[in-house]
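Numbered per this note's numbering, the sequence shown spans residues 32 to 440.
Here's the structure, in structure tokens; my notes come after.
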Amino acid sequence: MTTVHTGSGATLTLVHPPRREGGEGCIHECREHPGLLVKLFKPKAAGPEKFRKIARMVEDAPGGLTANGHPLCAWPLDTVAGAPNGPVAGFVMPRVDGPDIKPLWSCLIRGEHSMTQRHLHAIAINYAWTCEKLHARGCVVGDIHPNNVLIDHGTGDITVIDCDSFQIPNPQGGVFGCEVLGLPGYYPPELMGGGASAGTRSPQTDSFGLGAVVFHLLVGQAPFGADANKTAEERVAAGEWLYCGRGQGPAPGATPWAELDPAMRDLFVRLFDDGHGDPAARPSATEIRKALQTSKGNLVECGNGHWHVAKRPQCCWCEREGRRKRALAGRRFRRMTAQGGNILRAPLIGPRPVPILHLSAPSAVFRFLSTVGALCLKHRLLLAQFAAIAAIAYLVLVVLATVLGVNGV
Ligand SMILES: [Zn+2]
32 MTTVHTGSGA TLTLVHPPRR EGGEGCIHEC REHPGLLVKL FKPKAAGPEK FRKIARMVED
92 APGGLTANGH PLCAWPLDTV AGAPNGPVAG FVMPRVDGPD IKPLWSCLIR GEHSMTQRHL
152 HAIAINYAWT CEKLHARGCV VGDIHPNNVL IDHGTGDITV IDCDSFQIPN PQGGVFGCEV
212 LGLPGYYPPE LMGGGASAGT RSPQTDSFGL GAVVFHLLVG QAPFGADANK TAEERVAAGE
272 WLYCGRGQGP APGATPWAEL DPAMRDLFVR LFDDGHGDPA ARPSATEIRK ALQTSKGNLV
332 ECGNGHWHVA KRPQCCWCER EGRRKRALAG RRFRRMTAQG GNILRAPLIG PRPVPILHLS
392 APSAVFRFLS TVGALCLKHR LLLAQFAAIA AIAYLVLVVL ATVLGVNGV
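Now the structure itself:
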């Protein structure tokens with residue numbers, strides 16, 4: 032156990048091992064307050080400027096950044112030090128549980144948590160709304176990517192984490208900057224080559240990352256995914272996003288361009304084409320939220336509880352399920368065919384007589400079993416099924432031989 036002292040005079044006991052450990056420091060649960068977490072920086076991982084920033088964040092904590100009592104971001108609530116009135120070593124923040132955004136697409140595909148495109152839109156709207164609120168306070172998230180936002184599956188509420196990397200206004204002038212560059216594929220081209228801090232960020236910097244996360248949510252793939260040919264960063268630098276050619280087909284399972292609402296298509300073009308070299312051309316977080324609301328409003332529900340774009344005559348999710356079932360059936364057929372090939376080569380039952388059964392005409396038995404095997408193969412039965420049928424057939428023969436007193440079936 033480690034004891035730390037908050038700036039407001041409380042003593043907290045940290046639970047070991049830490050809940051999460053990163054390059055900067057460790058995040059601990061707090062024994063006295065299960066609803067709080069404490070981030071302790073590693074020695075030399077944070078300098079005086081960082082601690083001044085955290086002290087300022089605590090001083091200027093936005094009380095209203097909640098939705099239905101749920102914190103929209105894990106904003107620092109208090110500073111902590113190793114000794115009373117000692118130098119700041121970390122901070123206290125609200126505890127938030129939940130998965131990040133990335134697994135949501137697989138939940139949608141599998142129908143888990145009753146996840147639909149409507150839910151994904153609601154989550155994306157909540158995220159854009161949170162960015163709007165932060166921008167209105169003069170803050171910039173800076174490091175936007177799918178791992179930095181946690182989701183409550185039940186309500187769709189979101190919480191932005193790692194808030195100590197936010198860029199916030201400095202009352203003495205200028206800003207306390209964002210100290211991290213971010214995740215490749217989610218930070219815009221103008222930040223490349225600028226080192227970890229990469230200079231002052233703007234709401235348009237966030238628009239790029241927010242748009243990339245929204246794209247990932249609704250399409251099921253990152254817009255600037257790495258592959259064998261290029262890294263995500265190279266794709267961002269070249270402006271090669273998933274639909275920059277529009278007609279280009281995505282990987283199986285992703286939402287095709289035509290299945291996105293026109294409001295979202297316009298938005299992504301403004302973000303990743305028009306705004307590639309011109310940050311001012313990117314839509315704001317407010318515009319991103321409004322486009323998402325338009326898209327959500329245009330979704331229609333099919334008889335199977337899916338939500339899809341209104342213009343399509345058929346539900347794309349029903350079609351997708353049909354394709355998936357057919358693909359699965361095809362895979363099963365191919366696997367069984369392969370096993371059938373193994374049956375031909377595998378000596379399932381040897382030609383030797385089985386002494387315990389005293390059958391003196393094994394060749395006849397083997398001929399019979401071969402016939403059974405051929406029938407199984409013809410009907411594409413699995414290896415295990417063939418073995419079971421062969422065993423039953425063999426036992427029947429033995430019983431018949433015993434009952435009839437035949438010594439040589
Ligand atoms: Zn459907």
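For glycine and all other residues, C-beta sits at the position ideal for the given N, C-alpha and C.
Owing to the predicted nature of the structure, the values given are computational and were not obtained by experimental measurement.
| query | result |
| --- | --- |
| Simplified DSSP state of I199, which is helix, strand or coil | strand |
| Through-space distance from Q416 to A377, alpha-carbon basis | Low confidence applies to A377: its pLDDT is 27, below 50, so where it sits in the model is not reliable enough to give any reading. |
| Endpoints, alpha helix (DSSP H) assigned at C138 | L135 to R141 |
| Nearest to E303 (by Cα), restricted to the options H337, A294 and C275 | Per the sequence shown, residue 303 should be read as Phe rather than Glu. Closest by alpha carbon: C275. |
| heavy atom of ligand 1 below 7 Å from N335 C-beta | yes |
| Those residues which DSSP pairs with K70 across a bridge | I58 and F122 |
| Per DSSP, cross-strand counterpart(s) of D109 | V123 |
| Collapsed DSSP secondary structure at E332 in the structure displayed | strand |
| Local Cβ density within 10 Å of A419, reported as buried at 16 or more and exposed below that | exposed |
| N-terminal and C-terminal residue of the alpha helix (DSSP H) that V172 is part of | It is not in any alpha helix (DSSP H) - V172 carries neither H nor E in the DSSP assignment. |
| Cβ-based burial, H47 [other Cβ within 10 Å; buried from 16] | exposed |
| Alpha-carbon to alpha-carbon, I423 and P384 | For P384, the predicted model reports a pLDDT of 33, less than 50, meaning its position is unreliable and no value from the coordinates is stated. |
| Length of the line joining the Cα atoms of M223 and V211 | 12 Å |
| Start-to-end residues for the beta strand (DSSP E) that takes in W338 | W338 to V340 |
| Beta-carbon proximity of Q235 to R141, cut-off 8 Å | no |
| heavy atom of ligand 1 below 7 Å from C194 C-beta | no |
| Own chain residues within Cβ distance below 7 Å of C347, not counting five before or after | E290 and H339 |
| Reference I132, options I85, F82, G336 and D188, closest by Cα | D188 |
| Own chain, CB closer than 7 Å to A285, minus 5 neighbours either side, in chain order | V250, G251 and Q252 |
| Where R87 sits in the DSSP three-state scheme | helix |
| For F299, three-class secondary structure by DSSP | helix |
| Proximity below 8 Å, CB of A159 to CB of I319 | yes |
| Under 8 Å between C-beta atoms of C104 and V191 | yes |
| CA nearest to the CA of P107, picked from G208, V206 and M124 | M124 |
| Local conformation of L43 per DSSP, three classes | strand |
| CA-to-CA distance, H307 to A243, given in whole angstroms | 12 Å |
| Rounded straight-line distance, which links the Cα of D309 to that of G328 | 30 Å |
| Backbone secondary structure at E290 - three-state DSSP | helix |
| Beta carbon of E55 nearer than 8 Å to that of F72 | yes |
| Extent of the continuous alpha helix (DSSP H) run through T236 | P234 to V250 |
| Distance between beta carbons of A322 and A294, contact taken as under 8 Å | 4 Å |
| contact_flag[the stretch 329–337, the stretch 146–161] where n(CB pairs < 8 Å) is 3 or more | yes |
| Chain-order list of residues whose beta-carbon lies under 8 Å from that of G213 (same chain, five-residue window excluded) | G173, D174, I175, H176, L222 and G240 |
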